[in-house]
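Visitor: Quick one: the structure is below, questions incoming.
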Amino acid sequence: MKYISKFCWLFVGVLFIFSGLIKINDPVGTAIKLEEYFEVFSTDISPIFKSFEPYSLFLSIFLSAAEIVLGVALLVRWQLKAVIWALLLMIVFFTFLTFYSAYFNKVTDCGCFGDAIKLTPWESFTKDVVLLAMILVLLFTQEHLRPVMRQASGAVITIITAAISIMVGWYAYEHLPYIDFRAYKTGNNIPALMQPSAPLRYKYIMVKDGQQQEFEEYPTDTSFTFKEMVAVNPEDGPKITDFNVWNDTADFTQEVLTGKKLLILVQSAEKAERANFDAINKLVKAAEQQGITPMVITSSSGPDFEVFRHEVNLAAPYFYGDGTVLKTILRSNPGILLLQDGTVKGKWHHNDTPDIEEVKELLVAE
Numbered sequence: 001m002k003y004i005s006k007f008c009w010l011f012v013g014v015l016f017i018f019s020g021l022i023k024i025n026d027p028v029g030t031a032i033k034l035e036e037y038f039e040v041f042s043t044d045i046s047p048i049f050k051s052f053e054p055y056s057l058f059l060s061i062f063l064s065a066a067e068i069v070l071g072v073a074l075l076v077r078w079q080l081k082a083v084i085w086a087l088l089l090m091i092v093f094f095t096f097l098t099f100y101s102a103y104f105n106k107v108t109d110c111g112c113f114g115d116a117i118k119l120t121p122w123e124s125f126t127k128d129v130v131l132l133a134m135i136l137v138l139l140f141t142q143e144h145l146r147p148v149m150r151q152a153s154g155a156v157i158t159i160i161t162a163a164i165s166i167m168v169g170w171y172a173y174e175h176l177p178y179i180d181f182r183a184y185k186t187g188n189n190i191p192a193l194m195q196p197s198a199p200l201r202y203k204y205i206m207v208k209d210g211q212q213q214e215f216e217e218y219p220t221d222t223s224f225t226f227k228e229m230v231a232v233n234p235e236d237g238p239k240i241t242d243f244n245v246w247n248d249t250a251d252f253t254q255e256v257l258t259g260k261k262l263l264i265l266v267q268s269a270e271k272a273e274r275a276n277f278d279a280i281n282k283l284v285k286a287a288e289q290q291g292i293t294p295m296v297i298t299s300s301s302g303p304d305f306e307v308f309r310h311e312v313n314l315a316a317p318y319f320y321g322d323g324t325v326l327k328t329i330l331r332s333n334p335g336i337l338l339l340q341d342g343t344v345k346g347k348w349h350h351n352d353t354p355d356i357e358e359v360k361e362l363l364v365a366e
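This is the structure in structure tokens:
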């Protein structure tokens, strides 16, 4: 039993640290996922969950840091009993979330490992059940986990871990994720990712006499009833399926993906930070002079954006894009995206607005 206990101790500690690091790398993305849960729960369970939405960012950083801190505290065996109980409460909460998502098909991606590792709802639930079982093992086999250092030393390590975790999360919020796991990361070609990497193959799920059967080709037997068609190789499908840009009269997607484009993304005019528009406007003007086409893409309505653009003196043509897509592309509102024939050459948080020389260097680099 001692070896099982130590295996669970190491596995749970490392996995919680890994999960927390992935989430705190992208606190805005984690906050978006929390907002999805709050929206679902406010509709299905109680309207009170709607009141949590304004605190999503705080909860994102707090919960991510808590995972890291508890994982570290477990590994150094500081306040072991209290830490195991805290882990148990957290995993019970996560297990409820993933079960609810899987059973009711509500939030199809739990965000357990951010954008780094995608799990289906049932895979997420299974992972949490395994962790729950391991933490219960730890709860009843604590005698096999003797302290490896003095409690004072463990406390210092835990406090330092908490402080660093919070600072790391806040810095990522004020800038951009340290590691970009999304399809729009620097170096990726958007048009290429809008195409499948291989022809998609499908299987047909059919029902006959109450029995379900699968076919690689649609059966000619008319006694079968069609249920659904499922992709056999979904991983070969397009990684980007919803990138579109338009205005009131036409589609501009191909225009955006051709030539040198400096895109100013404003996810929501109402929530956009206004402090750095002097630098953004200076960059827009300089880009025009260098033959780089500036374009603004927003998910706000035309009337709302007209008010906003005059307020911040943003002198560039604007177009529309899906709000969720804009949040996926850049964790900043506003944010700056540099494209060259559809390839992402640079991404910037509005706090890190580049000068035109930096932009030019990225465009000439191959």
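Residues in the sequence shown are numbered from 1 upward in steps of one, following the UniProt record's numbering.
Ideal Cβ placement from N, Cα and C applies to all residues, glycine included.
1) Hey, quick one: how far does the alpha helix (DSSP H) through F226 stretch, first residue to last?
2) Using the C-alpha atoms, what's the distance from T324 back to N351?
3) Tell me the start and end of each unbroken alpha helix (DSSP H) in the segment 287-355 that is at least 4 residues and wholly inside, in chain order.
4) According to the neighbour-count rule (16 or more other Cβ atoms, all chains shown, within 10 Å of its Cβ), is E67 buried or exposed?
5) Assess, as a yes-or-no matter, whether the segment 217-224 is touched by the segment 273-280 under the definition of 3 or more beta carbon pairs within less than 8 angstroms.
6) For the segment 79-86 and the segment 48-61, state whether three or more C-beta atom pairs, one from each stretch, are separated by less than 8 angstroms.
7) May I have the straight-line CA-CA distance separating L88 from A155, to the nearest angstrom?
8) In the DSSP assignment, find the unbroken beta strand (DSSP E) run with Q142 in it and report its ends.
9) Just the Cα atoms here: how many angstroms apart are R21 and F125?
10) CA-CA distance, V312 and Y55?
11) Between K118, N188, Y100, which has its C-alpha nearest D44's C-alpha?
12) Check D115 in the structure and name its three-state DSSP category.
13) For the structure I just gave you, are there three or more beta carbon pairs, one from the segment 4-15 and one from the segment 27-37, closer than 8 angstroms?
14) Counting pairs of beta carbons, one from the segment 250-259 and one from the segment 205-213, are three or more of them closer than 8 angstroms?
15) Measure how close the beta-carbons of G335 and S299 come, nearest whole angstrom, since I'm counting them as under 8 angstroms.
16) Tell me which residues share the same chain as M229 and place their Cβ nearer than 8 angstroms to its Cβ, disregarding the 5 neighbours each side in the sequence.
17) Among P219, L193, E255, which one has its Cα closest to the Cα of P238?
18) Tell me the residue span of the alpha helix (DSSP H) that contains V256.
19) With three or more beta-carbon pairs closer than 8 angstroms as the criterion, would you say the segment 153-172 touches the segment 136-145?
20) Might you give, ordered along the chain, the residues of its own chain that have their beta carbon closer than 6 angstroms to the beta carbon of V266, omitting 5 neighbours on each side?
21) What residue does the beta strand (DSSP E) around L185 start on, and which one ends it?
22) Please confirm whether V232 and V245 have their CB atoms less than 8 angstroms apart.
23) In angstroms, rounded to a whole number, what distance separates the CA positions of P354 and S165?
24) Count the other C-beta atoms from every protein chain shown that fall within 10 angstroms of the C-beta of F58, then say buried if there are 16 or more, exposed otherwise.
25) Given a cut-off of 8 angstroms on the beta-carbon distance, is the pair L330 and L338 in contact?
26) Hey, could you find the ends of the beta strand (DSSP E) F243 is sitting in?
27) Check whether the Cβ atoms of L132 and R77 lie closer than 8 angstroms to each other.
28) In this structure, how does DSSP classify M206 when only helix, strand and coil are distinguished?
Guide: This is what the structure gives:
1) Note, F226: premise wrong, no alpha helix (DSSP H); beta strand (DSSP E) at 225-231.
2) 21 angstroms
3) 302-312, 323-329
4) buried
5) no
6) no
7) 20 angstroms
8) Careful: Q142 lies outside any beta strand (DSSP E) and carries neither H nor E.
9) With the sequence shown as reference, residue 21 is identified as Leu, and Arg is not the correct amino acid for it. Roughly 20 angstroms between the two C-alpha positions.
10) 27 angstroms
11) Y100
12) coil
13) no
14) no
15) With a Cβ gap of about 13 angstroms, G335 and S299 do not count as contacting.
16) Y202, K203, Y204, I205
17) L193
18) 253-256
19) no
20) A272, T298, P334
21) Before going further, note that residue 185 is Lys rather than Leu in the sequence given. Where K185 is concerned, there is no enclosing beta strand (DSSP E), given that its DSSP letter is neither H nor E.
22) no
23) 27 angstroms
24) exposed
25) no
26) No beta strand (DSSP E) holds F243; DSSP gives it neither H nor E.
27) no
28) strand
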